[in-house]
Amino acid sequence: MSTWFWVAASAASIGSAAAPEASPPPPGIAPEIAASAAVAQSSGYSWDMYKTRLASLARLQGIREATIRTYVPTIEKNDRVIELESTEPVARSSGGVVGALAPYLRRHVTRSIIARGHANYADHYNELRRLEARYGVDPAVLMAIWGHETSYGAVTGSTDLLNALASLGYYGRRRQMFENEFVSALKLIDLGVPRWQLKGSWAGATGYPQFMPSVALRLRADGDGDGYADIWNNELDGLASIATYLRDAGWKPNVTWGIPVRTPANLNRAALVSRITAPRCPQVYRRHSRWLTMREWRALGVTPVGRSLPDTEMASLIEPDGPNETAYLLTTNYRSILDYNCSNFYALSVGVLADAIARR
Numbered sequence: 001m002s003t004w005f006w007v008a009a010s011a012a013s014i015g016s017a018a019a020p021e022a023s024p025p026p027p028g029i030a031p032e033i034a035a036s037a038a039v040a041q042s043s044g045y046s047w048d049m050y051k052t053r054l055a056s057l058a059r060l061q062g063i064r065e066a067t068i069r070t071y072v073p074t075i076e077k078n079d080r081v082i083e084l085e086s087t088e089p090v091a092r093s094s095g096g097v098v099g100a101l102a103p104y105l106r107r108h109v110t111r112s113i114i115a116r117g118h119a120n121y122a123d124h125y126n127e128l129r130r131l132e133a134r135y136g137v138d139p140a141v142l143m144a145i146w147g148h149e150t151s152y153g154a155v156t157g158s159t160d161l162l163n164a165l166a167s168l169g170y171y172g173r174r175r176q177m178f179e180n181e182f183v184s185a186l187k188l189i190d191l192g193v194p195r196w197q198l199k200g201s202w203a204g205a206t207g208y209p210q211f212m213p214s215v216a217l218r219l220r221a222d223g224d225g226d227g228y229a230d231i232w233n234n235e236l237d238g239l240a241s242i243a244t245y246l247r248d249a250g251w252k253p254n255v256t257w258g259i260p261v262r263t264p265a266n267l268n269r270a271a272l273v274s275r276i277t278a279p280r281c282p283q284v285y286r287r288h289s290r291w292l293t294m295r296e297w298r299a300l301g302v303t304p305v306g307r308s309l310p311d312t313e314m315a316s317l318i319e320p321d322g323p324n325e326t327a328y329l330l331t332t333n334y335r336s337i338l339d340y341n342c343s344n345f346y347a348l349s350v351g352v353l354a355d356a357i358a359r360r
């Protein structure tokens, strides 16, 4: 066992260490990885020192000592996830121009994913209806999220979560978030989830629902009644967990996510601007109008393309490609999908895919 593990150092004391001066990167090192080293240096950590910090954080949150001693010393730095984190849009986003919706839908709502979604929907029809009765969530939306996240379980990710989360915490741009997720992954191990099963995306999402470890701790659900919520191997548990997430995010039973509409040429959009600044993802919500009832939208000349909403249902308007192009009226359930992934294009594609799967 490495000697770092026995160093008596608290997370706070390590965090206050004097920062050495960063040296130039060696020749041939990718700029992003060099940047990660600079961030780590600016925090005063070597990799071994950082593992000591993680062990301290785990102890503070009640992780079993045996778990800490078994797994924390052996974690390895993953430079690839650090490189991906350093080039994520969040690192350099300035709220710039968003691309067109149609190309995004062509990539994410393909004939193949619709056909496989419909087949899975038919195969699981009775179970999905039971989940709908239990959680109140549209089963086609559950299927669409499952398809969008993992191609119906075919692509759940193969990156070791402990290594990835520790490396991302070490990099430091979102240190607190990734440290919390690292400790949550250890909690899953404490609850009996084997280390080998904790694999997923480079950023730490895991299982059929692609939950972060903290979400898996809070919301994974037993969908088949066997007493264990296995989001890594059991499709019904994965679907029940997605349903639990959406219900927890405020899903309203028996209401669709939204409907496509046509807008009149004379629509006064300035009068429809929302004056509320969202506390989360403000750039995403800024693209939504203020709330009106379906009756009020009709009075303004906004007309459904196909099915409609009840006259008293509240909805907001989004025109993702600008005025007089594609338009949707969105219900509060759309915002539950946004809670899953705060992107309008993601949420719209989930809704469109769900409607295609259910053949609505």
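Going by my numbering, the first residue of the sequence shown is number 1, and it counts up by one from there. Beta carbons are placed, not taken as given, at the ideal position from N, Cα and C, and that holds for glycine. Just so it is clear, the structure is predicted and the values come from calculations on it, not from any experiment.
(message) Helix, strand or coil for ASP224? Go by DSSP, reduced to three states.
(response) Counted from its first residue, the sequence shown places residue 224 at position 224. Coil, per DSSP.
(request) Evaluate VAL215 with the Cβ neighbour count: other Cβ atoms within 10 Å of its Cβ, from every protein chain shown; 16 or more gives buried, anything less gives exposed. (result) As a first step, residue 215 is located in the sequence shown; it is residue number 215 there, counting from the start. Answer is buried; the Cβ neighbour count reaches 16.
(message) Can you list, in chain order, the residues of its chain with a C-beta nearer than 6 angstroms to that of TYR346? Leave out the 5 residues immediately preceding and following it.
(response) Residue mapping note: residue 346 aligns to position 346 of the sequence shown, counting from 1. Closer than 6 angstroms at the Cβ level, and outside the excluded window around TYR346, lies no residue.
(request) Could you check the C-alpha separation between TYR135 and MET49 for me, to the nearest Å? (result) By 1-based counting over the sequence shown, the position of residue 135 is 135. By 1-based counting over the sequence shown, the position of residue 49 is 49. When rounded, the distance between both Cα atoms is 45 angstroms.
(message) DSSP three-state label for PRO139, please.
(response) The residue given as residue 139 occupies position 139 in the sequence shown. Three-state DSSP puts PRO139 in a helix.
(request) Taking only the alpha-carbon atoms, compute the straight-line gap between LEU128 and LEU142 and give it to the nearest angstrom. (result) Position 128 of the sequence shown, counted from the first residue, corresponds to residue 128. Position 142 of the sequence shown, counted from the first residue, corresponds to residue 142. Computed Cα separation, rounded: 9 angstroms.
(request) Identify which residue in GLY200, MET177, PRO194 has its Cα closest to the Cα of ASN157. (result) Taking the first residue of the sequence shown as position 1, residue 157 is located at position 157. Residue identity differs from the one stated: residue 157 is Gly in this sequence, not Asn. Nearest of GLY200, MET177, PRO194 to GLY157, Cα basis: GLY200.
(request) Reducing DSSP to helix, strand and coil, say where MET294 ends up. (result) On the sequence shown, position 294 is the one that residue 294 refers to. Correct three-state label for MET294: helix.
(message) Could you check whether LEU348 and VAL284 sit closer than 8 angstroms to each other, using their CB atoms as the reference points?
(response) The residue labelled residue 284 in the question sits at position 284 within the sequence shown. The residue labelled residue 348 in the question sits at position 348 within the sequence shown. No. Outside cutoff.
(message) As an exercise, report each continuous alpha helix (DSSP H) stretch of at least 4 residues that is fully enclosed by the region 142 to 194, in chain order.
(response) 161 to 171, 175 to 190
(message) Spatial neighbours of ALA140 within its chain, please: C-beta separation below 6 angstroms, excluding the five flanking residues on both sides.
(response) As a working mapping, residue 140 is identified with position 140 in the sequence shown. Only ALA354, ILE357, ALA358 meet the Cβ criterion.
(message) Is the beta carbon of SER167 closer than 8 angstroms to that of VAL81?
(response) Position 81 of the sequence shown, counting from 1, holds the residue named residue 81. Position 167 of the sequence shown, counting from 1, holds the residue named residue 167. Taking 8 angstroms as the Cβ cut-off, VAL81 and SER167 qualify as a contacting pair.
(message) For GLY258, report the span of its beta strand (DSSP E) as first-last.
(response) As a working note, residue 258 is residue 258 in the sequence shown. From DSSP, the beta strand (DSSP E) with GLY258 extends over 258 to 262.
(request) Please state if the CB of TYR340 and the CB of ILE423 are separated by a distance shorter than 8 angstroms. (result) Residue 423 lies beyond the range of the chain shown here (1 to 360); nothing can be said about it.
(request) Report the residue from SER151, ALA100, ASP138 whose alpha carbon sits nearest the alpha carbon of SER112. (result) The count along the sequence shown starts at 1 and reaches residue 112 at position 112. Among SER151, ALA100, ASP138, the Cα nearest to that of SER112 is on SER151.
(request) Quick one: grab the DSSP three-state call for GLY204. (result) For the purposes of this step, residue 204 is taken as the residue at position 204 of the sequence shown. It is coil, neither helix nor strand.
(request) Could you tell me how far apart the beta carbons of ARG173 and GLU85 are, in whole angstroms, since I believe they sit closer than 8 angstroms? (result) In the sequence shown, residue 173 corresponds to position 173, counting from 1. In the sequence shown, residue 85 corresponds to position 85, counting from 1. Contact holds; Cβ gap of about 6 angstroms.
(request) Measure the C-alpha to C-alpha separation of LEU219 and ASP248 and round it to an integer number of angstroms. (result) Here residue 219 refers to the residue found at position 219 when the sequence shown is read from its first residue. Here residue 248 refers to the residue found at position 248 when the sequence shown is read from its first residue. Cα-Cα distance, rounded: 9 angstroms.
(request) Quick one: using the 10 Å Cβ neighbour count with 16 as the cut-off for buried, is LEU309 buried or exposed? (result) Counting from 1 along the sequence shown, the entry for residue 309 is found at position 309. LEU309 comes out buried.
(message) For SER316, report the span of its beta strand (DSSP E) as first-last.
(response) Position 316 of the sequence shown holds residue 316. Unbroken beta strand (DSSP E) run through SER316: 314 to 318.
(message) Let's see if you can read the secondary structure: which residues bound the beta strand (DSSP E) around TYR346?
(response) Counting from one through the sequence shown, the residue named residue 346 turns up at place 346. TYR346 -> not in any beta strand (DSSP E); alpha helix (DSSP H) instead, spanning 344 to 357.
(message) Rounded to whole angstroms, what is the Cα-Cα separation between ALA221 and ALA229?
(response) Looking up residue 221 in the sequence shown gives position 221. Looking up residue 229 in the sequence shown gives position 229. Those two C-alpha atoms are separated by around 5 angstroms.
(request) Using 10 angstroms around the beta-carbon of PHE270, count the other beta-carbons present and answer buried if the total reaches 16, otherwise exposed. (result) For the purposes of this step, residue 270 is taken as residue 270 along the sequence shown, with counting starting at 1. It should be noted that the sequence gives Ala, not Phe, for residue 270. When all chains shown are included, ALA270 counts as exposed.
(message) Could you tell me the alpha carbon to alpha carbon distance between VAL261 and ALA58, rounded to whole angstroms?
(response) Here residue 261 corresponds to residue number 261 of the sequence shown, with the count starting at 1. Here residue 58 corresponds to residue number 58 of the sequence shown, with the count starting at 1. If you take the alpha carbons of VAL261 and ALA58, they lie about 51 angstroms apart.
(request) Give the DSSP bridge partners of LYS199, in chain order. (result) By one-based count along the sequence shown, residue 199 stands at place 199. DSSP output for LYS199 lists ASP160 as bridge partner(s).
(message) Does LEU267 come out as helix, strand or coil in the three-state DSSP assignment?
(response) What you label residue 267 is simply residue 267 of the sequence shown in a count that begins at 1. Looking at LEU267 - three-state DSSP - the assignment turns out to be coil, as it is neither helix nor strand.
(message) According to DSSP, is THR303 part of a helix, a strand, or is it coil?
(response) By one-based count along the sequence shown, residue 303 stands at place 303. THR303: strand per DSSP, three-state reduction.
(message) Suppose the cutoff is 8 angstroms on Cβ atoms and the five residues either side in sequence are ignored; what does the same chain contact list for ASN324 look like?
(response) Position 324 of the sequence shown, counted from the start, is the residue given in the question as residue 324. Excluding positions up to five away in sequence, the list reads THR263, ALA265.
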